[in-house]
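So the sequence shown is numbered by this note's numbering: it starts at 5 and just counts up by one. All C-beta atoms, glycine included, are put in the ideal place defined by N, C-alpha and C.
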Amino acid sequence: MTHHQEPVWRQAIAGAQILFVAFGALVLVPILTGLNPSMALLGAGIGTLIFQACTGRKVPIFLGSSFAFIAPIIYSVQTWGIPATLSGLFASGALYLMLALLIKLRGVAFIHRIMPPVVVGPIIMLIGLGLAGVAVNLAMGKTGDGKAVLVDYQTALLVAGVSLATTVAIALKAKGIFRLIPILAGVAVGYSLSAFLGLVNFSAIAAAPWFAVPPFVTPQWSWPAIFFMIPVALAPAIEHVGDIIAIGAVTGRDYTARPGLHRTMLGDGLAVCVAGLIGGPPVTTYSEVTGAVMITRNHNPVIMTWAACIAILMAFFGKFNALLQSIPTPVMGGIMILLFGSIAAVGLNTLIHARVDMHRPRNLIIVSLVLVFGIGGLTLQAGWVTLQGVSLCGITAVLLNLFLPKEKRDSAQQTF
């Protein structure tokens with residue numbers, strides 16, 4: 005029996021399983037950034053369908069909320085508000101579209117020239133390390149900026165510790181499909197403990213309607229937010245290339261050739277644009293889903309259609325949205341400690357995997373400046389344009405790589 009002859013009910017169950025795997029990370033981003041979880045589900049569902057339309061439904065991939073945007077969204081929402089932030093996110097999607105056009109015209113090699121591992125590695129590390137303070141504050145029962153106490157310190161640490169320990173235990177010890185849902189397991193156990201300790205407000209869930217149209221938010225044009233957000237999209241755009249190669253390795257197909265990397269990048273970019281237009285977080289290709297495809301050995305792209313449709317339906321389930329918004333901050337804080345640390349580790353692994361030689365002054369300068377600029381919180385202001393965090397460091401790393409003189413042997417470092 006081929007994939008496309010599978011019974012519809014089996015395809016639907018497989019689709020629900022994919023959504024289940026992606027779910028913890030999918031709703032984590034809006035919960036942390038102040039966006040609405042319903043809009044994340046709606047954006048992921050619509051985004052995946054757009055991606056499938058652009059790629060002729062050839063690639064078994066689900067698009068979910070991108071972690072790379074967490075810190076920039078938090079900063080942007082605090083500085084310019086949600087509507088202005090959404091205009092920046094829409095512009096990030098437009099950057100993907102430009103990259104898709106360039107890939108079609110020039111091939112994928114030019115991206116690796118502009119952003120080799122010595123550039124991508126420290127930027128990814130910074131995406132994780134830049135959020136370390138937020139994670140620790142939430143785990144200690146404070147707000148992300150540490151200015152207000154939400155939960156008693158001892159209670160918060162207990163809840164955060166249990167949530168973190170559960171996530172670690174599932175990631176290390178679980179078998180099969182359960183190994184792919186450590187975030188979901190950590191949230192479930194942490195939430196149960198929080199409910200037992202009286203930290204969960206159930207009245208909001210009881211008051212929520214069963215059916216509710218998600219609260220759409222339209223973008224408001226803001227040049228400062230746009231200039232701040234566009235460079236952030238560089239790292240997930242490069243990550244997209246890696247994800248497409250990874251899913252190809254799992255299924256035994258070269259998706260960079262057919263349907264083509266320019267088509268997958270176009271699909272991802274349009275999905276980010278749509279998410280920005282409706283009020284959801286930016287979406288990107290999900291490595292958790294690649295892991296699920298690897299374990300289930302079900303390579304049928306139709307399953308992702310089912311996952312997308314179920315996500316869209318869930319977005320209109322009012323009580324479910326209220327349940328997500330009732331998760332206490334220490335639960336999220338405990339899980340974020342591991343999550344942001346693992347993002348930093350991915351960046352470090354990028355440098356190790358590419359064998360970037362840190363004894364070479366050029367490589368050392370790029371990595372050193374990027375990390376200290378980012379972690380130290382350097383801000384550059386020119387008129388109404390402000391650069392800081394990932395956006396400043398992304399531009400810095402690219403420019404340093406382009407203009408610092410290369411050693412002859414450095415050409416070996418320029419490829420993945």
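For residue i, count neighbouring Cβ atoms within 10 angstroms of its own Cβ and tell me buried if that reaches 16, exposed if not.
{"i": "residue 372", "result": "exposed"}
{"i": "residue 150", "result": "exposed"}
{"i": "residue 262", "result": "exposed"}
{"i": "residue 325", "result": "buried"}
{"i": "residue 247", "result": "buried"}
{"i": "residue 383", "result": "exposed"}
{"i": "residue 195", "result": "buried"}
{"i": "residue 117", "result": "exposed"}
{"i": "residue 367", "result": "buried"}
{"i": "residue 232", "result": "buried"}
{"i": "residue 156", "result": "exposed"}
{"i": "residue 304", "result": "buried"}
{"i": "residue 207", "result": "exposed"}
{"i": "residue 205", "result": "exposed"}
{"i": "residue 369", "result": "exposed"}
{"i": "residue 217", "result": "exposed"}
{"i": "residue 200", "result": "exposed"}
{"i": "residue 380", "result": "exposed"}
{"i": "residue 253", "result": "exposed"}
{"i": "residue 392", "result": "buried"}
{"i": "residue 356", "result": "exposed"}
{"i": "residue 124", "result": "buried"}
{"i": "residue 26", "result": "buried"}
Once the 5 residues before and after residue i are set aside, which same chain residues still bring their CB inside 7 Å of it?
{"i": "residue 84", "result": "226, 228 and 229"}
{"i": "residue 148", "result": "78, 138, 141 and 142"}
{"i": "residue 420", "result": "In this prediction, residue 420 scores a pLDDT of 44, lower than 50, which makes its location untrustworthy; the coordinate-derived value is nonetheless stated afterwards. Closer than 7 Å at Cβ, skipping near neighbours: 116, 121 and 358."}
{"i": "residue 315", "result": "23, 45, 48 and 49"}
{"i": "residue 119", "result": "238, 242 and 402"}
{"i": "residue 94", "result": "223, 277, 280 and 281"}
{"i": "residue 348", "result": "129, 132 and 133"}
{"i": "residue 58", "result": "267, 270, 271 and 274"}
Could you tell me the alpha carbon to alpha carbon distance between residue i and residue j, rounded to whole angstroms?
{"i": "residue 223", "j": "residue 281", "result": "6 Å"}
{"i": "residue 258", "j": "residue 64", "result": "12 Å"}
{"i": "residue 42", "j": "residue 360", "result": "41 Å"}
{"i": "residue 266", "j": "residue 346", "result": "29 Å"}
{"i": "residue 221", "j": "residue 243", "result": "28 Å"}
{"i": "residue 336", "j": "residue 13", "result": "34 Å"}
{"i": "residue 80", "j": "residue 11", "result": "46 Å"}
{"i": "residue 146", "j": "residue 397", "result": "28 Å"}
{"i": "residue 19", "j": "residue 302", "result": "10 Å"}
{"i": "residue 44", "j": "residue 68", "result": "8 Å"}
{"i": "residue 56", "j": "residue 88", "result": "29 Å"}
{"i": "residue 400", "j": "residue 288", "result": "24 Å"}
{"i": "residue 3", "j": "residue 285", "result": "This structure does not reach residue 3, given that the chain is present from 5 up to 420, and the question cannot be answered."}
{"i": "residue 92", "j": "residue 385", "result": "17 Å"}
{"i": "residue 153", "j": "residue 210", "result": "26 Å"}
{"i": "residue 409", "j": "residue 362", "result": "16 Å"}
{"i": "residue 90", "j": "residue 269", "result": "20 Å"}
{"i": "residue 313", "j": "residue 365", "result": "51 Å"}
Looking only at its own chain, which residues have a Cβ that is under 8 Å from the Cβ of residue i, when we skip the five neighbours before and after it?
{"i": "residue 394", "result": "72, 75, 76, 127, 130, 131, 134, 235, 236, 239 and 378"}
{"i": "residue 111", "result": "none"}
{"i": "residue 187", "result": "28, 29, 32, 171, 339 and 343"}
{"i": "residue 161", "result": "143, 144, 145 and 334"}
Any heavy atom of the ligand ZN inside 8 Å of the beta-carbon of residue i?
{"i": "residue 399", "result": "What this structure holds is no ligand at all, so the ligand ZN is not there to describe."}
Going by beta carbon distance, what residues of the same chain come within less than 6 Å of residue i, once the five residues before and after it are set aside?
{"i": "residue 164", "result": "143, 334, 337 and 338"}
{"i": "residue 328", "result": "31 and 41"}
**Message:** Can you confirm whether the region 69-78 touches the region 29-38 when touching is taken to mean that 3 or more C-beta pairs between the two stretches lie within less than 8 Å?
**Reply:** Taking 8 Å as the limit for Cβ pairs, the verdict is that the region 69-78 does touch the region 29-38.
**Request:** For the region 43-58 and the region 235-249, state whether three or more C-beta atom pairs, one from each stretch, are separated by less than 8 Å.
**Result:** no
**Asked** What are the complete beta strand (DSSP E) segments, minimum 3 residues, inside the region 304-370?
**Response** none
**Request:** Entirely within the region 223-271 and at least 4 residues each: give me those alpha helix (DSSP H) ranges in chain order.
**Result:** 227-233 and 238-255
**Prompt:** What are the complete alpha helix (DSSP H) segments, minimum 4 residues, inside the region 59-86?
**Reply:** 74-84
**Message:** Quick check for students: name the residue ranges of the alpha helix (DSSP H) that lie wholly in the region 125-198, counting only runs of 4 or more.
**Reply:** List check, alpha helix (DSSP H) in window: 136-143 and 157-177.
**Request:** Decide yes or no for the touch test of the region 264-282 against the region 94-109: beta carbon pairs closer than 8 Å, at least 3 of them.
**Result:** Yes, the region 264-282 is in contact with the region 94-109.
**Item:** alpha helix (DSSP H) segments (min. 4 residues) lying fully within the region 14-63
**Value:** For the region 14-63, the full-length alpha helix (DSSP H) segments reaching 4 residues or more read 41-58 along the chain.
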